[in-house]
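Asks:
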Amino acid sequence: MLTVGDKFPEFNLKATVSTESLEKAFFPITNTTYKNKWLLVFFYPKDFTFVCPTEIKGFGDLNSQFADRDTQVLAASTDSEFVHLAWRKDHKDLHDLPFPMLADTAKRLSTALGILDPEEGVAKRATFLVDPEGIIRFAYVTDGSVGRNPQEVLRVLDALQTDELCPCNWKQGEQTLKVA
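Here is the structure:
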């Protein structure tokens, strides 16, 4: 699995960006679409499941806070853009998502990242914070049955963006550590 300090792989994927109409629903997104921004890319195993929509909604609820930090949120799974669209239309918490859902149907990105589950053939529940130079600065994977804490990902982003030493449980606005 790629980890902190590794270059995030190049990608070119179809994404579901809207439920408004078929003409506006899909858009191609690459690793350079959001040039000079931080990326929060989180993978989840499958659409139409139980834990996944709680996390997607959780990241959606914090999207404006990520945007305030010049960070683009991208959700991703190995489902197609059409399945993403159907799920967004079907699930009340996903109707108005403020970020794209990437369709890694060929499983190239999840394979390149080392997060493709060999038994299930789907992406693991993985989260990556990628700096504007394309370097992974945070990598986090949980068991499929355990949802993530989007607030913790935001806290880590805040800490990374200080370029300072941040103690345990540090929060934005608190003192960072100084080397004596």
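Under my numbering, the first residue of the sequence shown carries the number 37, and numbering increases by one thereafter.
The beta-carbon is built from N, C-alpha and C at its ideal position, and this holds for glycine as well.
Because the structure is a prediction, the values reported are computed rather than measured.
Have a look at Val-53 and Asn-99 and give me their C-alpha separation to the nearest angstrom.
Replies: Whole-angstrom Cα-Cα distance: 14 angstroms.
Asks: Which one of Asp-153, Lys-128, Trp-74, Val-40 has the shortest CA to CA distance from Ser-113?
Replies: Nearest option by C-alpha distance: Asp-153.
Asks: Have a look at Phe-102, Asn-205, Gly-209, Thr-39 and flag the residue whose alpha-carbon is nearest the alpha-carbon of Leu-190.
Replies: The candidate whose alpha carbon is nearest that of Leu-190 is Phe-102.
Asks: Which residue from Ala-122, Asp-104, Thr-69 puts its Cα closest to that of Thr-85?
Replies: Closest option to Thr-85, Cα to Cα, is Ala-122.
Asks: By Cβ distance below 6 angstroms, which residues in the same chain neighbour Val-109 in space, the five residues on each side in sequence not counted?
Replies: Same-chain partners within the cutoff: Leu-76, Phe-95, Asn-99, Phe-102, Phe-135.
Asks: Suppose only complete runs of 4+ residues qualify. What are the alpha helix (DSSP H) ranges in the segment 47-77, listed by chain order?
Replies: Listed in chain order, they are 58-61.
Asks: Please tell me whether Lys-160 and Ile-171 are closer than 7 angstroms, where the distance is taken between their beta carbons.
Replies: In this structure, Ile-171 does not lie closer than 7 angstroms to Lys-160 by Cβ.
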